[in-house]
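Numbering (this note's numbering), first residue to last: 1 to 393.
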């Protein structure tokens, strides 16, 4: 069969783009390798209010509202803040993904579940995509192929597009855990239990939370969770018996040099469109998804699927989404450049009314550079000067 667009990956970004394109009357097929949309989950499910408005998903996906955080250093040093506003939302990620998929289908996109793309090649200005379903192999043709298939994208590999420069290996469990305040997330910054990243406890509801971490070393992150439970007093009572769900995933970081070629585009995690400080990909992925949809629609209308046409997508997302990633990479340079002792010192420096006021007034989980830069330029301390130097090194 022939389609105008084939999308590999039925996650929220792939389905969002698919819905936007099919809404304009073009034929779209979304290949999702798993039997159910949204499973397995690969996300902490902590998002901004902007993600809900951008996606158009109803608010019944919201499980909890977050107004602050407790941030812990390796030695127990703690910074705590809590505002009156909602700064983040804890969502049912499976329901969120399924609602975006349902919207795409209502707009005309076809979603094929349990269909694994196994290859693709260019032929006569078309892309021939091979996929397997129920142990059978099928071939389909499309004018444009969109890779929304995550870190280590198969679409990127088939067409020689670059991979991200760094991968974080994430691991999370859900289970029974009492949290002191449902409106505050808990974060631990400790190179022993989460090298190159951090750990988190996200309250979902009374006596139920998500506990996770990331590591930048190629090891089994599960063993680091065991270390974390022994070291972090908030998890001292948490055990295997409390776990209800287990999930893991890859977090690609860094700006890729090219996200397109003739007839092919990468979007979302496949293009490393994530925040380098937190690893969140929904906000930037949705923004890039809007740009991707517009450029693909323009190409379909003009019947131009060339690299020259699709390069507009890369240039446009680099100006907006790329800017946020570049600023996030500055924060990551600071994060990696500070020792655990310096991070503990930073929490002590920020434990005052002036700093907390800046955090609560300027803080936004999708735009962390704004509050970080304000803190570095307003709070007088030698460590802040060192952080600025790291950011611009």
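Note that CB positions come from ideal geometry on N, CA and C, so glycine has one too. Computed from a predicted structure; not experimentally measured.
- request: Give every residue of the same chain whose Cβ lies closer than 7 Å to the Cβ of residue 85, excluding the five residues on either side of it in the sequence, and list them in chain order.
  value: Counting from one through the chain shown, the residue named residue 85 turns up at place 85. Correct list, in chain order: 67.
- request: Could you work out which residue in 178, 75, 83 is closest to residue 65 when comparing CA atoms only?
  value: Looking up residue 65 in the chain shown gives position 65. Minimum Cα distance to residue 65 is reached at 83.
- prompt: Would you say residue 35 touches the ligand ADP, meaning its beta carbon is less than 7 Å from a heavy atom?
  reply: Judged by which ligands are present, the structure shown has none, so any question about the ligand ADP falls away.
- prompt: When you compare each of 137, 98, 190 to residue 75 by their alpha carbons, which one comes out closest?
  reply: Translated into the one-based positions of the chain shown, residue 75 becomes position 75. Looking at the Cα atoms, 190 is the closest of the given residues.
task: Tell me whether residue 305 is buried or exposed, calling it buried when 16 or more other Cβ atoms sit within 10 Å of its Cβ.
output: Counting from 1 along the chain shown, the entry for residue 305 is found at position 305. Residue 305 should be labelled buried.
Residue ranges of each beta strand (DSSP E) within the segment 51-138, 3 or longer: 62-66, 68-73, 78-82, 88-91, 110-113, 116-123, 126-133
query: Around the C-beta of residue 402, are 16 or more other C-beta atoms found within 10 angstroms, so that it is buried, or is it exposed?
result: What the structure shows of the chain is the stretch from 1 to 393, and residue 402 is not part of that stretch, so it cannot be assessed.
- prompt: So is residue 326 buried or exposed if we call it buried at 16+ other beta carbons inside 10 Å?
  reply: As a position in the chain shown, residue 326 is number 326, starting the count at 1. Result: exposed.
The segment 134-154 / the segment 192-212 touching (three or more Cβ pairs under 8 Å): no
message: Between residue 172 and residue 146, how many whole angstroms is the CB-CB distance? I'm expecting something under 8 Å.
response: To locate residue 172, count along the chain shown from 1; it is residue 172. To locate residue 146, count along the chain shown from 1; it is residue 146. So it is not a contact: roughly 27 Å between Cβ atoms.
field: alpha helix (DSSP H) segment containing residue 226, residue limits
entry: Numbered from 1 along the chain shown, position 226 holds the residue referred to as residue 226. Unbroken alpha helix (DSSP H) run through residue 226: 221-231.
task: State the start and end residues of the unbroken beta strand (DSSP E) segment that holds residue 199.
output: Taking the first residue of the chain shown as position 1, residue 199 is located at position 199. Residues 199-205.
field: Boundaries of the beta strand (DSSP E) in which residue 252 is found, first to last residue
entry: Locating residue 252 in the chain shown gives position 252, counting from the first residue. Element bounds for residue 252: 243-253.
query: What span of residues does the beta strand (DSSP E) with residue 213 cover, start to end?
result: Taking the chain shown and counting its residues from 1, one reaches residue 213 at position 213. 208-215 is the span of the beta strand (DSSP E), which, as asked, contains residue 213.
- request: Helix, strand or coil for residue 273, going by three-state DSSP, please let me know.
  value: In the chain shown, counting from the first residue as 1, residue 273 sits at position 273. Of the three classes helix, strand and coil, the one that applies to residue 273 here is coil, per DSSP.
- prompt: Does the separation of the CB atoms of residue 93 and residue 38 fall below 8 Å?
  reply: Looking up residue 93 in the chain shown gives position 93. Looking up residue 38 in the chain shown gives position 38. Yes, the pair counts as a contact, with Cβ atoms nearer than the cut-off.
query: Quick one: what does DSSP say residue 309 is sitting in, helix, strand or coil?
result: Numbered from its first residue, the chain shown carries residue 309 at position 309. Three-state DSSP puts residue 309 in a helix.
query: Is residue 314 buried or exposed, if buried means 16 or more other CB atoms sit within 10 Å of its CB?
result: For the purposes of this step, residue 314 is taken as the residue at position 314 of the chain shown. Residue 314 comes out buried.
message: Considering only the alpha carbon of each residue, which of 32, 278, 392 lies closest to residue 133?
response: Within the chain shown, the letter at position 133 stands for residue 133. When only C-alpha atoms are compared, the closest one is 32.
query: Is the CB-CB distance between residue 161 and residue 259 below 8 Å?
result: Here residue 161 refers to the residue found at position 161 of the chain shown. Here residue 259 refers to the residue found at position 259 of the chain shown. Taking 8 Å as the Cβ cut-off, residue 161 and residue 259 qualify as a contacting pair.
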